[in-house]
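The structure appears below as structure tokens.
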Amino acid sequence: MTDFYDTHATAFISTTRDVDMLDMRRRFMAALPIAEGKAARILDAGSGSGRDALAFRLLGHKVEAFDASPAMVAATRDHSGVQARQMRFEGFFWEHAFEGIWACASLLHVAESDLPEVIKRLAAHLTLGGALYLSFKRGTGERVKDGRRFTDMSPESLTALLDGCRAFGEADIWESQDCRPDRASEVWVNAVVKKT
């Protein structure tokens, strides 16, 4: 899986680093359990090019990051100035909890059968009232494209996944078009949930 991102790092970074995710980040930040103007501890989970880690850092938040790909870990560090670790979701562990975990277009590479346990691990690393953002391509089941495994979700299957974790309140789920100009026909299923 990480071979794709290591081999195609330059192309992947060039097509994702400048994508405008402001609306998604605002929706996520509005759910963070912090007073206005205060800094949150945010984990960029599957940080890719470092685009969002940089955006959160520039807003004054305390940001940490991880990615499964060594090339993406290096890209995150170089672009955002945020410390990043090489780690897979399936083995995820951190030394402390976060007010927010941002998993933008990253959990979709986790096998469908592993997602419930991975979501529980992420929930365990959120403070009470902490927010999780996650996004998947709209669809059903698993598929392989360009050597990468994808798990697609519908609003209904994502709701069921999050409800099954039993750590969250009601999910805010919405669909959006891909923000990349050449992918406007692709639809994403997004969610923000708060730990209860």
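Going from the sequence shown to our numbering is simple: count from 1 and add 209.
The C-beta atom is built at its ideal place from N, Cα and C for all residues, glycine as well.
Selection from Phe265, Glu365, Trp397, Val282 that minimises the alpha carbon distance to Ala239: Phe265
Alpha carbon to alpha carbon, how far is Met210 from Lys404? Any answer about Met210 is weak, because its pLDDT of 49 lies below 50 and its placement is not dependable; what the coordinates show is given next. About 30 Å.
Buried or exposed for Ser287, please, with buried defined as at least 16 other CB atoms from any protein chain shown within 10 angstroms of its CB. Before going on, a small fix: residue 287 reads as Asp here, not Ser. Answer is exposed; the Cβ neighbour count stays below 16.
Hey, which unbroken runs of the beta strand (DSSP E) at 3 residues or more fall wholly within the region 365-390? 381-386
Is the beta carbon of Asp253 less than 8 Å from the beta carbon of Ala262? yes
Does the distance from the CB of Glu406 to the CB of Ile251 come in under 8 Å? Summary: the structure shown does not reach residue 406, with the chain confined to residues 210 through 405, and so no result is reported for it.
4-residue-minimum alpha helix (DSSP H) runs that sit fully inside the region 250-311, ordered along the chain: 260-267, 279-289
Helix, strand or coil for Glu351 per DSSP? strand
Close beta carbons around Val401, own chain, < 8 Å, minus the five adjacent residues each side: Arg236, Phe237, Ala240, Ala340, Leu341, Tyr342, Ala380, Asp381
I want to know whether the region 314-330 touches the region 292-299 - three or more CB-CB distances under 8 Å. yes
Rounded C-alpha distance that separates Ser322 from Gly350: 10 Å
With DSSP as the reference, identify every bridge partner of Arg357, one or two as the case may be. Lys354
Please name the residue or residues paired with Ala314 in a DSSP beta bridge. Paired residues: none, contrary to the question.
Alpha carbon to alpha carbon, how far is Ala306 from Asn399? Give it in angstroms, no decimals. 22 Å
Quick one: Cα of Met281 to Cα of Ser289, how far? 12 Å
Give me, in chain order, the residues of the same chain whose beta-carbon lies closer than 6 Å to that of Lys192; leave out the 5 immediate sequence neighbours on both sides. Past the boundaries of the shown model lies residue 192; the chain is included only from 210 to 405, so the question cannot be answered.
Output yes or no for whether 8 Å exceeds the beta carbon distance between Ala320 and Arg358. yes
Using DSSP's beta-bridge definition, name the partner residues of Lys346. Trp397
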